[in-house]
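In the numbering used here, the protein residues as written are 83 to 284. The beta carbon of each residue, even a glycine, is placed where N, CA and C say it ideally should be. Read through the structure below, which is laid out as structure tokens, and then see the notes.
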């Protein structure tokens, strides 16, 4: 057995490339064996299809009320986020890839980069209750877009075999705490993200 193979086996990688939760890895390996396909090939196919779907805008971010009945405002926030997040071009993705590659250069092989979510993010929108314009929520949209672009760029680098995912994302949700002139509103944001959140440089 090659030294690289021994290291991969010890670290728990599947197909010498991808490390995931062991139970999921076992199920995935069994399925691939039954179908007579390679695990790495199936993962790359899955990620490629995921990117294609998202680039077509087939998936969306969702915003839901948590403690209050501000359903109308939740709808406005959701519309603002989706309007901003999916309006991007290939140049923006390429620029994000370059930023990540700079991080990778500094860390070297074996270094880790991630796209983990904050549990809660605060925003100040003074007229949140009275607003009739999506513009008031654009800051939230830009914040979510930055997370989304990094996610797509990371996955592209996985497909280019410069990174590999090493941890499955625990949750794709975060709280949005919107402070306005007379109080605050808390919403749950369900994000349209890939199933991995930590990657290692290869």
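For residue 170, which option in 207, 273, 234, 200 has the closest C-alpha, if you only look at C-alpha atoms?
Checking every option, the nearest Cα to that of residue 170 belongs to 234.
Under 8 Å between the Cβ atoms of residue 185 and residue 195?
If you check the CB distance, residue 185 and residue 195 come in under 8 Å.
Beta-carbon separation of residue 164 and residue 204 under 8 Å?
At the C-beta level, residue 164 and residue 204 stay beyond 8 Å of one another.
Given 8 Å, three or more beta-carbon pairs between the stretch 221-229 and the stretch 245-252:
Too few Cβ pairs lie closer than 8 Å, so no.
Neighbour-count burial assignment, residue 212, 16 or more Cβ in a 10 Å radius:
Burial call: exposed.
Does DSSP classify residue 193 as helix, strand or coil?
Note: residue 193 maps to coil in three-state DSSP.
Local Cβ density within 10 Å of residue 119, reported as buried at 16 or more and exposed below that
Label assigned to residue 119: exposed.
Are the Cβ atoms of residue 281 and residue 236 separated by less than 8 Å?
The Cβ atoms of residue 281 and residue 236 sit closer than 8 Å to each other.
Which stretch, first to last residue, makes up the alpha helix (DSSP H) that contains residue 165?
In this chain, the alpha helix (DSSP H) harbouring residue 165 covers 153-167.
Are there 16 or more other CB atoms within 10 angstroms of the CB of residue 201, so buried, or fewer, so exposed?
Residue 201 should be labelled exposed.
Please list, in chain order, all residues of the same chain as residue 267 whose beta carbon is under 7 Å from its beta carbon, the five residues on each side excluded.
Within the same chain, Cβ atoms closer than 7 Å to the Cβ of residue 267 are found at 150, 152, 155, 210, 260, the five residues on either side in sequence being excluded.
So what's residue 146 in DSSP terms, helix, strand or just coil?
The three-state secondary structure of residue 146, taken from DSSP, is strand.
For residue 218, three-class secondary structure by DSSP:
It is helical.
Are the CB atoms of residue 270 and residue 148 within a distance shorter than 8 Å?
Closer than 8 Å, so yes.
Integer-rounded CB distance, given that residue 179 should sit under 8 Å from residue 63
With the chain running from 83 to 284 in the structure shown, residue 63 is simply not present.
To the nearest angstrom, report how far apart residue 241 and residue 263 are at their CA atoms.
For residue 241 and residue 263, the distance between alpha carbons rounds to 46 Å.
Can you pull the DSSP bridge partners for residue 256?
DSSP lists 271 as partners of residue 256.
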